[in-house]
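*Asks:*
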Amino acid sequence: MIPDKSTPIKNEILINIFAKGLLNKDEMRIIFYIIRWSWGFDGVSRRQDWTKELTKRQIANGIEMHESHFNRNINRMIIEKKIIIKDGCYQFNEHYEEWENLPKSQVLDDNKLTKLVNKTYQNGKVNLPKSQVILTKKVSSTGLKPLQNKPLPDRKETIKETIKEILKEKGDIFLNTWKDFIDMRKEINKKISKVGQSRMLNRLNDLSNNENIQIEILNQSIMNSWTTVWPLKGGINGQFTGTNGSSKKPGEDKYKHLEETY
175 MIPDKSTPIK NEILINIFAK GLLNKDEMRI IFYIIRWSWG FDGVSRRQDW TKELTKRQIA
235 NGIEMHESHF NRNINRMIIE KKIIIKDGCY QFNEHYEEWE NLPKSQVLDD NKLTKLVNKT
295 YQNGKVNLPK SQVILTKKVS STGLKPLQNK PLPDRKETIK ETIKEILKEK GDIFLNTWKD
355 FIDMRKEINK KISKVGQSRM LNRLNDLSNN ENIQIEILNQ SIMNSWTTVW PLKGGINGQF
415 TGTNGSSKKP GEDKYKHLEE TY
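Our numbering puts the first residue of the sequence shown at 175, with every later residue one more than the last.
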């Protein structure tokens, strides 16, 4: 039985791809992140092959890799068919016999790499040089059918899973306060969507990684009927007080679009 908060990876993949070193260090970091955000969710007795919609910057930040270095690596991996991308969602192609290695001259040339990636997006495939080295065509021991033609998971369901994963880490007090915040939004006719909830939880984590402070931040918004969350600030009843006596929240204009989006 797989423990909670774990990601199932087939033994064949662990041995034939990871243990045998078919991926370099940077590729491993990218692949593990993609696996975490695809296979890491229980798709009701079936594996979820695609991640939710992600930007390259989100992945680069998630694995703490310099963005330009990340872009160079993932562009190459897409062309080499190690990673499949569709509608902003990513999939690890575990069928390593389908991978193709780019010549070093193209790997080191960012302009050529970018052109090849763009061509791949447009045509779904790219014409690679005949001289290109291709991995030996081994019979895949995974016994799995190709995944490319599987339909993408419903985006709303993926977002629900993301929210569920985040809330699983929280304590009862946070969960009750989060529910109160959602209810408050309903009461003021500003019902928050699942996408909005996901973004709000991410913003809470950006403001503080301390759960107790996050609870205070939520209570501050509930007490003031704010539709979003702001950094904690001293004042009467949690109201913000600017240097000129204004009650305008710091950065209000900067985050004005969030209230409209949510």
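Built from N, CA and C at the ideal position, the CB exists for glycine as well.
(1) Is the distance from the Cβ of Ile208 to the Cβ of Glu268 below 8 Å?
(2) In whole angstroms, what is the alpha-carbon distance linking Ile204 and Glu335?
(3) Can Val369 and Ile396 be called in contact, C-beta distance under 8 Å?
(4) Of the choices Ser382, Thr351 and Glu339, whose alpha-carbon is the least far from that of Ser372?
(5) Based on Cα-Cα distance, which residue from Asp223, His243 and Met239 lies nearest to Tyr462?
(6) Taking the beta carbon of Gly214 as the centre, do at least 16 other beta carbons fall within 10 Å, making it buried, or is it exposed?
(7) So, for Lys365: in the same chain, excluding its five sequence neighbours on each side, which residues have a beta-carbon less than 7 Å away from its beta-carbon?
(8) On a Cα-Cα basis, can you pick out the residue from Trp273, Arg246 and Phe244 that is closest to Ile258?
(9) Does DSSP classify Gln232 as helix, strand or coil?
(10) Near Gly298, which residues of its chain fall below 6 Å by C-beta distance, leaving aside the five closest residues on each side in sequence?
(11) Thr229 and Arg210 look like a contact to me (Cβ under 8 Å); what is the Cβ gap, rounded to whole Å?
(12) If you count every other CB in all the chains shown that lies within 10 Å of the CB of Asn379, and 16 or more means buried, which is it?
(13) Relative to the C-alpha of Asp357, which candidate in Gln388, Asn386 and Thr401 has its C-alpha closest?
(14) Tell me which same chain residues have a C-beta within less than 8 Å of the C-beta of Met202, skipping the five on either side of it?
(15) Starting from Ile257, trace the beta strand (DSSP E) both ways and give me its first and last residue.
(16) Is it right to say Ser146 is buried, meaning 16 or more other beta carbons lie within 10 angstroms of its own, or is it exposed?
(17) Got a sec, what are the start and stop residues for the alpha helix (DSSP H) Phe348 sits in?
(18) Based on Cα-Cα distance, which residue from His240, Pro177, Lys256 and Arg231 lies nearest to Asn198?
*Replies:* In brief:
(1) no
(2) One C-alpha to the other measures close to 21 Å.
(3) no
(4) Glu339
(5) The requested residue 462 does not occur in the structure, where the chain is confined to residues 175 to 436.
(6) buried
(7) Arg359
(8) Trp273
(9) Helix, per DSSP.
(10) Reliability of the predicted coordinates at Gly298 is poor, the pLDDT of 43 falling under 50, and the value obtained from them is presented with this limitation in mind. The answer is none, since no qualifying residue turns up.
(11) About 16 Å separates the two Cβ atoms, so there is no contact after all.
(12) exposed
(13) Thr401
(14) Phe192
(15) Ile257 to Lys260
(16) Only positions 175 to 436 of the chain appear in this structure, which leaves residue 146 out of reach.
(17) Asp346 to Glu361
(18) Lys256
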